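Residue numbers (the numbering used here): 7 to 66. Since the structure comes first, as structure tokens, the remarks are kept for the end.
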């Protein structure tokens, strides 16, 4: 996937996954995939740029 993104974007930055670890509540909601939604918080650490665009999965 990274190679595909690099053909379109100037720079692709890989980040570590931030997992909530709250599988009990996520299972109750039947939404286990939401556990890693905190990963998007990495976009706020991109302080080396004057502008950034964050594209969530539903925009791709």
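We put the beta carbon where it would ideally sit given N, CA and C, even for glycine. The model shown is predicted, which means the values in this text are computed figures rather than measured ones.
is_contact[residue i, chain E] using C-beta, thresh 7 Å
i: residue 44; result: Reference to chain E is not applicable here, since this structure consists of a single protein chain.
When the options are compared against residue i, the one with the closest alpha-carbon
i: residue 42; options: 55, 28 and 36; result: 28
i: residue 26; options: 20, 15, 38 and 17; result: 38
i: residue 50; options: 7, 36 and 19; result: 19
Beta-carbon separation (whole angstroms), residue i vs residue j, contact threshold 8 Å
i: residue 62; j: residue 46; result: 7 Å
i: residue 40; j: residue 32; result: 6 Å
i: residue 24; j: residue 44; result: 4 Å
Where residue i falls: helix, strand or coil (DSSP)
i: residue 37; result: coil
i: residue 12; result: helix
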